[in-house]
Amino acid sequence: MIVIPHDYAERVYAGVIGKLIGVYLGRPFEGWTYERIMQQLGPINYYVNERRDVALLSHQLVVTDDDLAGTFAFPRALADNGFPQRLTSEQVGQAWLNYIVEERSTLWWGGIGNSTEHTAYLRLKSGIPAPKSGSIELNGRTVAEQIGAQIFIDGWAMVSPGDPEQAAFLAEQAARVSHDGEAVHAAKLLAAMEAQAFVETDVQKLIDVGLDVLPGDALIRRVVEDIRSWHAADTHRDWQRTRALIAQRYGYDKFTGGCHIVPNHALIILATLYGDHSFQEAMRIANTAGWDTDCNAGNVGCLFGIRTGLAGLDAGPDLRTPIADRIYISSADGGAAITDAVIETRALVSAGYVLAGVKPPPASKSGARFSFEFPGSLQGFQCETGSAALVHPVELRNVSGHSREGTRCLAIEFSRLARGRVARVGSATFFGKDVFAMRTYELMASPTLYSGQAIECGVSADSNNTAAIALRLFISAFNQSDELMRIYGETIELAPSDGRVMQWKVPDTGGYPIYNVGLELEATNSTGVDGALYLDYVRWEGAPDLTLRRPDDDSVMWKHAWVNDASHFQIRWEDGLRISNKSGLGAIFQGSRDWKDYSVEADIKPLIGEQWGLAARVQGRERYYALMFDKGGKICLVRRCHIIEEIASVPFVWNLDETYICRLEATGSTLRGYVDDRLVVQAEDADQRLSGGGVGLLINTGSIVNREVRIRPL
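With positions in the sequence shown counted from 1, the corresponding number in my numbering is that position plus 245.
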């Protein structure tokens, strides 16, 4: 029987952070050779994204990347299927179809036969289920043995603490969606090592555990054994010498395809052996050694994060503060795209407990979105900086204490904070315009915070503060010019040692997306104040109260708040939004899974189409309830969990070019469909898989027009 380690959650968090650090370190020079890195950058000891002396892919640090999107999106297949003990490759393939928007999210869309993942997605889309979708038989050895299976394995390991057999099994099922052969062997070996790293720190023993899950004739086995022998014979511990031997025997020139698994897996073993017990040394080797640097460093970072814990991550230069836990997971589940390491850790840890047959511990701070319960966690919070004379700099630190329900909080430390100058700290709830400068991987996301939702946060002032401070909650929302405008809640004053629970219902932003949420601090006296404010938690929940429409201006950020899964999503027409799909079901979605009981109403005019309708509790492309108008002359309530099931239907004659006011209500297990304010169909559905989610407009092979979508809590 597997025993969950006492520090399981914190070790998962360290693994997630390690993955982020590795990816963000290696991303700017992905694909470079060792020789080019040494010539232009030198050994990689820190982030190089801001260097201007080389033509880097992106100067942004936190970016979209398939290594992260796939790693954290695909394990959602466990929850989506009720945490089965033996998750199948076919079920993981269904998760691909649900979370991936073709040629827009999650993957590198390099074309069939060029991108292994793109090839597999097209197989799945055409009706070929996994594992055949990723087989050598169907796609050939070159396509099937590239690196992708390995880069997505970390989540499967982190839900399997101390259980390498389970980790290898899950990694294999997931790998075979898109890969085969040696790519699957590498994925299994590394997943087993990471799972065992929760209970074992000896590198040689971890490698032995990984080799135990491979067949005796696997090429990956021979690669690992060669590197171990070279390392053992290397009395000078010269990793560059062993890297040269790897390049000589297993270099890119020995294999076909753009990014073969064998050379890159070899570098992971290299960094693991020579990194010894140092996270920083392993990162330096994995990134300096070249080839697929972000993939390799991401896997090594996760392994060493699990193995050495947060103390290992923090033993060298500060690699954590610049990223502040931030992650983008671009997928059709738009409300889960703007996320952080703590949120993703919670999901993995919860899954790990369920798979082990153990009841998960209560959520920290009653499930608050921002809880700061892990040492060093910032959950995206950063202080506002810039040249504005009235903005006062502060320091952010995660500290112990000052929490009513937990053990840690976020300290906002300030000195000489004067009246007339303000300090602001906030965390993103959507993306900014700088996201359009990111290359290769598009970010599809919806905001996580909306008008009508109630924000609650716990704050307290340090007992040694030299005076009272004034503070207020704020949000920043885009306006008609796509510029950010701040909207404030009520101002309160906190004397030294005082604590308060602040609550604020988010006001109407006119349907424009909310970019961030935060606190603004100011002195209450003329002499200024030194001290600290402690932010215990921030939460919001429930369905919003808002109307989404096309603004009568040139704004475009509101459009990007919709996940676009249709052939065309156009906004230039006077009659409103036009959503068109050339074949099959297409849609646009917005919202998040914390929307539970609500009504969604929309005016919809079908211009042409087989089916069209309105969706609620949307959890991706293939998971939602919908009120569907069928060409056969009926209205249906449907549940879609990969397959479309009709729950109830009634005859209804509808016409093209006519506008219908449609409303779908979801309350608990009750669904009600209205047309022009008249109840036409209702049903009960006790299926708990769709307990919450966003809204959507659907069209099957045609076009619809919509002016506005209204969401109201019930």
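Glycine included, each C-beta is placed from N, C-alpha and C at the ideal position.
{"Item": "Beta-bridge pairing of HIS505 - partner residues as DSSP gives them", "Value": "GLN391"}
{"Item": "Cβ pair ILE700, TRP840 closer than 9 Å", "Value": "no"}
{"Item": "Own chain, CB closer than 7 Å to ASP585, minus 5 neighbours either side, in chain order", "Value": "ASP570, ARG571, ILE572, GLN624 and GLY625"}
{"Item": "DSSP-derived helix/strand/coil call for ASP403", "Value": "Reading off the sequence, residue 403 comes out as Met, not Asp. In this structure, MET403 counts as helix in the three-state DSSP scheme."}
{"Item": "Spatial distance of SER696 from LEU943 (CA atoms)", "Value": "24 Å"}
{"Item": "Candidates ILE880, GLN864, ASN710 and LEU924, of which the one nearest GLY776 by Cα", "Value": "ASN710"}
{"Item": "Cβ neighbour criterion (16 or more within 10 Å) applied to ASN770", "Value": "exposed"}
{"Item": "Residue nearest to GLN493 in terms of C-alpha spacing, selected from ARG482, ILE513, ALA477 and ILE472", "Value": "ILE472"}
{"Item": "For ALA542 and GLY877, believed in contact at Cβ under 8 Å, the rounded distance", "Value": "About 54 Å separates the two Cβ atoms, so there is no contact after all."}
{"Item": "Within 9 Å, strictly: CB atoms of VAL801 and ASP727", "Value": "yes"}
{"Item": "Residues near CYS702 in its chain [Cβ-Cβ closer than 6 Å; skip 5 each side]", "Value": "MET747 and VAL783"}
{"Item": "Local conformation of GLU767 per DSSP, three classes", "Value": "strand"}
{"Item": "Under 9 Å between C-beta atoms of ASP537 and ARG321", "Value": "no"}
{"Item": "Beta-carbon separation (whole angstroms), CYS540 vs ILE392, contact threshold 8 Å", "Value": "6 Å"}
{"Item": "Assigned exposure category for ASP922 - 16 Cβ within 10 Å defines buried", "Value": "exposed"}
{"Item": "Whole-angstrom C-beta distance between GLN835 and SER691, which should lie under 8 Å", "Value": "5 Å"}
{"Item": "Cross-strand partners of PRO851 (DSSP beta bridge)", "Value": "ILE949"}
{"Item": "Burial state of PHE723, where buried means 16 or more other Cβ atoms lie within 10 Å", "Value": "buried"}
{"Item": "Buried or exposed (CB count within 10 angstroms, at least 16 for buried), GLN441", "Value": "buried"}
{"Item": "CA-to-CA distance, GLY379 to MET873, given in whole angstroms", "Value": "34 Å"}
{"Item": "Where GLN284 falls, given that 16 or more other Cβ within 10 Å makes a residue buried", "Value": "exposed"}
{"Item": "Expected contact under 8 Å - CB spacing of GLU687 and SER576 to nearest Å", "Value": "Contact flag wrong, Cβ pair sits at about 11 Å."}
{"Item": "C-beta contact flag for GLY550 and VAL926 at 9 Å", "Value": "no"}
{"Item": "Buried or exposed by the 16-neighbour rule on C-beta atoms within 10 Å, applied to PHE524", "Value": "buried"}
{"Item": "Cβ-Cβ separation, THR278 to GLY535 (assumed contact under 8 Å), whole Å", "Value": "5 Å"}
{"Item": "Same chain only: Cβ atoms within 6 Å of TYR779, ignoring 5 sequence neighbours per side", "Value": "HIS647, CYS654, ALA656 and SER705"}
{"Item": "DSSP bridge partner residues for SER825 (one or two, in chain order)", "Value": "HIS813 and SER948"}
{"Item": "One or two residues paired with GLN864 in a DSSP bridge", "Value": "Paired residue(s): none; GLN864 is not in a bridge."}
{"Item": "Straight-line gap, LEU323 to PHE617 (C-alpha atoms, nearest Å)", "Value": "26 Å"}
{"Item": "Close Cβ partners of ASP310 (< 7 Å) along its chain, the five nearest in sequence each way excluded", "Value": "VAL268, ARG272, ASP539 and TYR686"}
{"Item": "Span separating the alpha-carbon of ALA375 from that of LEU332", "Value": "12 Å"}
{"Item": "CB contact flag (GLU362, TRP353, <9 Å)", "Value": "yes"}
{"Item": "Proximity to PHE961 [Cα-Cα], best of ARG591, ALA601, ASN951 and LYS604", "Value": "Since the first residue shown for the chain is 246 and the last is 959, residue 961 is missing from the structure and cannot be characterised."}
{"Item": "Same chain, Cβ closer than 6 Å to ARG717, neighbours up to 5 away in sequence not counted", "Value": "TYR733, GLY734, THR736 and GLU765"}
{"Item": "Bridge partners - VAL468, DSSP secondary structure assignment", "Value": "None, per the DSSP bridge assignment."}
{"Item": "Residue range of the beta strand (DSSP E) that includes GLN449", "Value": "Taken as a continuous stretch (DSSP letters only), GLN449 belongs to no beta strand (DSSP E), being part of the alpha helix (DSSP H) at 448-457."}
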